[in-house]
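Let me begin by presenting the structure, written as structure tokens, before commenting on it.
Residue numbers (this note's numbering), protein chains in the order written: chain A, 7 to 144; chain B, -15 to 403.
Structure representation (structure tokens):
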């Protein structure tokens, strides 16, 4: 089973400040544990929302809203993708992450193509594939 | 948390902790059988206590402390009981080792122990079957019933294999050490062979009613990822992992809606797992940078990468695949590799050239009962329009095949050749 862990942002990450050496060290060690246990497949940190944007959809209208966004609690600052044997194992790993201060970190199971069943027709699959290839070659 | 939820959580902790627990204990007591017993005792204690107390903050440290404490208590009792007998030397030795051994569960400290355990469970003094069973049990954290299901043998057989393997290791006094420079290459290739065997049994089951068993591939991938992290400088370790990631990326496209096998040429490539393809390609690059001359796993990963990067069979760089098989054949001297090379030659240079190669393998003793020899020959004959002969080859292949679903596929190909 594959999981995504969504790490929320905070005022520091939104200000583009790097975490302290201590936090970075703890996080590096934790990442190393995940790698050495064969759990970590991928993971990235995200730039602050000031460099991002939102697009609002209303009928045919598209409104672009530039960052930063204010609801810091609901912002994502990074993610991991994990391979685990069960939901319980993923939770057990997440419990070991070096967070604190009441932060809530979200764990979600990733759909694998087959979970979509009939809804993902061969044509849609092919279209998805083309898009992926284009984005990979960019 | 309900009772069963707690048990599932404890199982998860066990899956995470068991290998390093056993590795750490083996370093202390120098005997993998004793270490596993101690670890199991601690696990039983967790199953008894954690439903009431909750899972401790540092479950790994808890298990290690408990294993050590309970081990010491049990040994003291046994020594007190057997005081009259002279046969308590080994117990006393283990007792003092446990008393003095330091408890480590942090991954930094336990990495070397894990690696020592890998080399121990894959030691050449053991039969290949024993290495596989012991590795899955001690490093993969699989239970005896799980291993039995994976290899379609009885639980009793697996249990016996594991007991004998541990006894063999003790009798041969296999040390809990990393192999020296002079024997590293050979010992490492034994480890890689065990992991790849597990993977292949999941990728193309040799027997049974299922064509693939993805859970076994996952177990092998996990072992491969752990080893790749523990030995980041070994090209072939990275090469094997890259090979497995690339092959696993095709797993869900290899099986049709009714469980039937789907061969590479007929696979819906949009169903390949792109995260695994990406990881495989990156791993291959690492392997190539680490190695001077590419080893057999890295070469096979490079071949898998040719397929992973092609949009279709016709757009595959077949001359490159042939060149890579040439290099692989020179390294391995394996008739199975020659057979694969014949397939690539057929695709690159036409069926006549391929048929010539396949026919040169007709008398290979190692291929006499190998169903893929007639299957490949049948495939080439179809391309040459020689359908009646092709039909015979597919039928012969079906007769040799031990996997139910694959046999059905071969028979249907025979029928497709017409009367």
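Don't be surprised by glycine CBs; every beta carbon is placed ideally from N, CA and C.
Residue i burial status per 10 Å Cβ neighbour count (16 or more: buried)
i, result
"residue 19(A)", "buried"
"residue 2(B)", "buried"
"residue 110(A)", "exposed"
"residue 241(B)", "exposed"
"residue 359(B)", "buried"
"residue 280(B)", "buried"
"residue -7(B)", "buried"
"residue 62(B)", "exposed"
"residue 43(A)", "buried"
"residue 122(B)", "buried"
"residue 37(B)", "exposed"
"residue 60(A)", "exposed"
"residue 363(B)", "buried"
"residue 330(B)", "buried"
"residue 65(A)", "exposed"
C-alpha distance - residue i paired with residue j, whole-angstrom precision
i, j, result
"residue 144(A)", "residue 262(B)", "Only weak support exists for where residue 144(A) lies, its pLDDT of 44 falling under 50; the value from the coordinates is given anyway. One C-alpha to the other measures close to 15 angstroms."
"residue 282(B)", "residue 76(A)", "49 angstroms"
"residue 21(B)", "residue 334(B)", "59 angstroms"
"residue 316(B)", "residue 299(B)", "28 angstroms"
"residue 175(B)", "residue 205(B)", "13 angstroms"
"residue 162(B)", "residue 156(B)", "16 angstroms"
"residue 41(A)", "residue 173(B)", "22 angstroms"
"residue -10(B)", "residue 357(B)", "51 angstroms"
"residue 129(B)", "residue 200(B)", "14 angstroms"
"residue 259(B)", "residue 198(B)", "16 angstroms"
"residue 400(B)", "residue 349(B)", "30 angstroms"
"residue 394(B)", "residue 52(B)", "56 angstroms"
"residue 133(B)", "residue 222(B)", "29 angstroms"
"residue 336(B)", "residue 386(B)", "29 angstroms"
"residue 416(B)", "residue 135(B)", "Shown here, chain B extends from -15 to 403; a query on residue 416(B) therefore has no answer."
"residue 98(A)", "residue 131(B)", "24 angstroms"
"residue 243(B)", "residue 192(B)", "12 angstroms"
"residue 17(A)", "residue 84(A)", "14 angstroms"
"residue 98(B)", "residue 104(B)", "10 angstroms"
"residue 295(B)", "residue 324(B)", "21 angstroms"
"residue 15(B)", "residue 77(B)", "11 angstroms"
"residue 117(A)", "residue 89(A)", "13 angstroms"
"residue 65(B)", "residue 57(B)", "12 angstroms"
"residue 50(B)", "residue 85(B)", "13 angstroms"
"residue 101(B)", "residue 149(B)", "13 angstroms"
"residue 304(B)", "residue 361(B)", "22 angstroms"
Cutoff 6 angstroms; reference residue i; Cβ partners in own chain excluding five residues on either side
i, result
"residue 402(B)", "371"
"residue 55(B)", "22, 82"
"residue 86(A)", "11, 49"
"residue 367(B)", "335"
"residue 32(A)", "104"
"residue 69(A)", "62"
"residue 218(B)", "none"
Whole-angstrom C-beta distance between residue j and residue i, which should lie under 8 angstroms
i, j, result
"residue 233(B)", "residue 202(B)", "About 13 angstroms; that fails the 8 angstroms criterion."
"residue 321(B)", "residue 313(B)", "5 angstroms"
"residue 207(B)", "residue 276(B)", "26 angstroms between Cβ atoms; not a contact."
"residue 182(B)", "residue 120(B)", "7 angstroms"
"residue 284(B)", "residue 227(B)", "5 angstroms"
"residue 328(B)", "residue 297(B)", "Contact flag wrong, Cβ pair sits at about 11 angstroms."
8 angstroms Cβ shell around residue i - same chain, five flanking residues per side excluded
i, result
"residue 30(A)", "24"
"residue 102(A)", "36, 39"
"residue 237(B)", "246, 251, 252, 253, 255, 256"
"residue 286(B)", "268, 272, 278, 308"
"residue 91(A)", "7"
"residue 94(A)", "none"
"residue 389(B)", "193, 194, 195, 243, 244, 245"
Residues of its chain near residue i, where Cβ-Cβ distance is below 7 angstroms and the 5 sequence neighbours each way are ignored
i, result
"residue 221(A)", "For residue 221(A) there is no data in the structure shown, the boundaries of chain A being 7 and 144."
"residue 231(B)", "187, 288"
"residue 178(B)", "106, 115, 116, 119"
"residue 45(A)", "88, 89, 90, 99"
Proximity test, residue i beta-carbon vs the ligand ZN heavy atom, cut-off 7 angstroms
i, result
"residue 16(A)", "This structure does not include the ligand ZN; it has no bound ligands of any sort."
Quick check: the segment 342 to 351 of chain B against the segment 372 to 387 of chain B, are at least 3 beta-carbon pairs closer than 8 angstroms? no
When the Cβ atoms of the segment 1 to 17 of chain B are set against those of the segment 211 to 220 of chain B, are three or more pairs found closer than 8 angstroms? no
With 7 angstroms as the C-beta to C-beta threshold (strictly closer), list the residues of the segment 264 to 298 of chain B near chain D in chain order. Absent from the structure: chain D. Protein chains present are A and B.
Quick check: the segment 33 to 52 of chain B against the segment 96 to 113 of chain B, are there 3 or more CB pairs under 8 angstroms? no
Using 8 angstroms as the threshold, is the segment 8 to 19 of chain A in touch with the segment 46 to 58 of chain A, meaning 3 or more CB pairs across them? yes
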